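Visitor: Residue numbers (the numbering used here): 12 to 619.
Below is the structure:
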């Protein structure tokens with residue numbers, strides 16, 4: 012373990028290939044079956060630890076890969092028997108995007124340890140120690156290694172210093188985490204902001220005050236990571252994160268191979284065998300051939316010096332690109348990146364790490380597509396109320412003034428103290444599907460996408476398989492015959508184009524929904540229904556502002572609602588967005604059901 016090194020001069024390496032490597036470059040899409048073939052070989056290399064779980068892996072496995080993340084962890088534990096397994100835990104947010112109740116934190120950590128985690132790297136997005144208290148005590152209860160992390164950030168200008176993130180700031184945070192019982196402390200530089208000489212100064216000073224081992228986690232986004240790692244090693248850092256070269260550099264970690272080679276015959280030589288590392292990298296390169304499209308996303312494959320301004324971490328960049336693609340707005344990437352610094356400033360200069368980076372990135376996307384702060388996610392509203400902890404600096408008055416003062420949390424209150432236990436209710440909700448505690452935790456963490464996954468896992472819903480486009484025949488237009496005396500109706504603005512798949516062929520079909528106002532009831536009007544069909548006025552329609560999943564409708568057909576009432580919660584870009592009624596009236600149509608996926612521009616509800 013890290014706190015008992017065999018040689019105090021030897022640099023330890025944590026490999027991140029199976030977690031942060033593919034999270035940073037491939038939006039975490041590497042499947043378990045593709046990691047298994049090289050797991051045992053990597054176990055033989057002699058890494059200090061292997062990061063295989065946590066971060067976005069849990070969400071992506073259930074949301075996109077239809078894989079059980081608990082099964083993935085158990086599988087890794089069966090294959091990797093000598094190297095300690097590490098995970099990234101977001102403090103009170105665990106592997107999700109909000110703070111969870113204490114009973115969820117305790118049970119999640121207990122089950123993670125039971126299923127194979129040896130080292131818990133725990134951080135809070137705001138470096139607020141209150142949000143680390145429960146996970147710290149829970150990890151101590153299961154007798155696992157507690158590594159507490161400080162999120163590295165800078166204010167403006169790209170280097171340590173300024174009004175917030177000074178050398179004293181990091182020293183004081185490290186002292187605080189050590190006093191909380193940390194077995195080791197990690198400087199978590201998620202966006203690659205730590206410059207080489209700042210790294211040397213930081214770790215040189217930390218070594219004077221901190222007795223537990225120190226580790227560096229950084230990203231190559233700005234191009235400085237390998238230099239910063241070497242300067243940190245020179246300053247005495249005990250361990251460094253790196254990964255196999257096929258999933259290294261760019262927005263990922265430094266490559267392990269050149270670092271190991273650079274230390275050869277040095278008094279801090281890692282002792283790792285390059286031959287074994289090369290074998291693992293060659294096998295990984297072969298595996299990644301089928302993921303080549305994911306690895307060739309713009310900006311994920313180049314050095315981005317602008318990260319010193321927008322500060323978006325590696326994993327978030329690939330997600331942001333993926334999300335903008337879904338929105339058909341990839342051309343707006345530069346606008347979004349330009350908006351992020353001002354949004355971050357308005358929010359009090361928080362470190363940009365999940366879930367805060369997701370909030371800020373999603374908000375900037377919304378700002379560009381929908382206007383500045385015209386739509387604010389539920390999570391960001393809770394941030395403004397203090398439910399995520401204390402921001403490092405003052406939040407913009409314009410944003411705070413939009414929050415009811417009575418909803419703002421007292422800064423002496425631990426946010427999770429306001430949360431009611433969740434596991435009992437979750438257990439009851441899915442008791443007809445499963446009673447397995449790991450499944451219950453999956454649902455608790457992700458009620459919408461988690462439920463969808465569990466229904467598929469337990470055979471209640473089919474698993475959707477997407478056929479490869481290159482295997483399909485050329486699309487054939489589907490033509491409708493009409494009488495010569497008939498006229499084609501005018502297409503409305505709601506027309507959508509769909510691909511319809513039939514026995515190996517697919518047809519391009521345009522669909523234009525026709526809606527009935529309440530007055531079209533023939534019993535009321537005395538007119539045939541067909542004569543009364545009409546396009547609904549724009550003000551009566553609630554449209555999806557972006558692709559997403561319906562989390563919950565807050566209204567039912569026939570409800571009388573007022574303008575501004577919340578009609579539904581739309582989960583988009585992993586954030587929950589409360590969509591409000593555009594006018595007062597009666598809900599005359601609900602177009603989808605909870606759990607449905609929708610596209611931008613879909614009509615979600617009609618209010619007459």
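Yeah, the Cβ is synthetic: ideal placement off N, Cα and C, and Gly gets one too. Given the structure is predicted, the values throughout are model-derived calculations rather than measurements.
(1) Check whether the stretch 230-242 and the stretch 198-207 touch, using three or more Cβ-Cβ pairs below 8 Å as the test.
(2) Evaluate residue 264 with the Cβ neighbour count: other Cβ atoms within 10 Å of its Cβ, from every protein chain shown; 16 or more gives buried, anything less gives exposed.
(3) Look up residue 56 in the DSSP assignment and say whether it is helix, strand or coil.
(4) Could you pull out every unbroken alpha helix (DSSP H) segment of at least 4 residues lying fully inside the stretch 24-86, listed in chain order?
(5) What are the residues that DSSP puts in a beta bridge with residue 445?
(6) Just to confirm before moving on: does the CB-CB distance between residue 269 and residue 237 stay below 8 Å?
(7) Within this structure, are the beta carbons of residue 254 and residue 27 separated by less than 8 Å?
(8) Are residue 220 and residue 185 close, meaning C-beta to C-beta below 8 Å?
(9) What is the DSSP secondary structure of residue 255, reduced to helix, strand or coil?
(10) Classify residue 119 as helix, strand or coil using the three-state DSSP reduction.
(11) Return the CA-CA distance between residue 365 and residue 136, expressed in angstroms with no decimal places.
(12) For residue 567, name the three-state secondary structure that DSSP assigns.
(13) Quick check: residue 618 and residue 599, are their CB atoms within less than 8 Å of each other?
(14) Helix or strand or just coil, what does DSSP make of residue 437?
(15) I'd like the ranges of any beta strand (DSSP E) spanning at least 3 consecutive residues and lying wholly in the stretch 107-170.
(16) Reducing DSSP to helix, strand and coil, say where residue 623 ends up.
(17) Assign residue 404 to one of two classes, buried (16 or more other C-beta atoms within 10 Å of its C-beta) or exposed (fewer than that).
(18) Taking 8 Å as the limit between beta carbons, can you name the residues of its chain near residue 295, skipping five residues before and five after?
(19) Taking the straight line between their C-alpha atoms, what separation do you get for residue 85 and residue 123?
(20) Exposed or buried, residue 568, counting other C-beta atoms within 10 Å across all chains shown (16 or more means buried)?
(21) For the alpha helix (DSSP H) holding residue 301, just list the boundary residues, first then last.
(22) Restricting to runs no shorter than 4 residues, where is the alpha helix (DSSP H) found entirely within the stretch 200-236?
(23) Distance, Cα to Cα, residue 66 vs residue 615?
(24) Pull up the CB-CB distance for residue 160 and residue 199, whole angstroms please, since I reckon it's below 8 Å.
(25) How many Å lie between residue 395 and residue 414 at the Cα?
(26) Quick one: Cα of residue 578 to Cα of residue 601, how far?
(27) Does the Cβ of residue 555 have 16 or more other Cβ atoms within 10 Å, making it buried, or fewer, making it exposed?
(28) Since residue 449 contacts residue 81 with CB under 8 Å, what's their CB separation in whole angstroms?
(29) Are residue 25 and residue 58 close, meaning C-beta to C-beta below 8 Å?
(30) If we count the other Cβ atoms within 10 Å of its Cβ and call it buried at 16 or more, is residue 459 buried or exposed?
(31) For the alpha helix (DSSP H) containing residue 398, name the first residue and the last one.
(32) Suppose the cutoff is 7 Å on Cβ atoms and the five residues either side in sequence are ignored; what does the same chain contact list for residue 214 look like?
(33) The alpha helix (DSSP H) with residue 190 in it runs from where to where?
(34) Does the distance from the CB of residue 352 to the CB of residue 397 come in under 8 Å?
(35) Please classify residue 250: does DSSP put it in a helix, a strand, or coil?
(36) From this set, 400, 407, 343, which residue's C-alpha is nearest residue 423's C-alpha?
Guide: This is what the structure gives:
(1) yes
(2) buried
(3) The answer is coil: DSSP assigns residue 56 none of H, G, I, E or B.
(4) 33-37, 43-54, 68-74
(5) In the DSSP output, where bridge partners are listed per residue, residue 445 has none listed.
(6) yes
(7) yes
(8) Yes, the Cβ-Cβ distance between residue 220 and residue 185 is below 8 Å.
(9) DSSP places residue 255 in the coil class of the three-state scheme, outside both helix and strand.
(10) helix
(11) 6 Å
(12) coil
(13) Closer than 8 Å, so yes.
(14) helix
(15) 130-133, 156-162
(16) No statement about residue 623 is possible, as the shown extent of the chain runs from 12 to 619 and does not include it.
(17) exposed
(18) 28, 49, 255, 257, 258
(19) 10 Å
(20) exposed
(21) Note, residue 301: premise wrong, no alpha helix (DSSP H); not H, not E.
(22) Taking only runs of at least 4 residues, the alpha helix (DSSP H) segments lying wholly in the stretch 200-236 are 207-220.
(23) Their backbone Cα atoms lie some 32 Å apart in a straight line.
(24) 4 Å
(25) 7 Å
(26) Residue 578 and residue 601 have their alpha carbons spaced roughly 10 Å apart.
(27) buried
(28) 4 Å
(29) yes
(30) Burial check for residue 459: the Cβ neighbour count within 10 Å reaches 16 or more, so the residue is buried.
(31) Careful: residue 398 lies outside any alpha helix (DSSP H) and carries neither H nor E.
(32) The beta carbon of residue 214 lies closer than 7 Å to those of 225, 243, 246, 247, 248 in the same chain, with the five residues before and after it left out.
(33) Per DSSP, residue 190 belongs to the alpha helix (DSSP H) from 178-190.
(34) The Cβ atoms of residue 352 and residue 397 do not sit closer than 8 Å to each other.
(35) DSSP, reduced to helix, strand and coil, places residue 250 within a strand of the structure shown.
(36) 400
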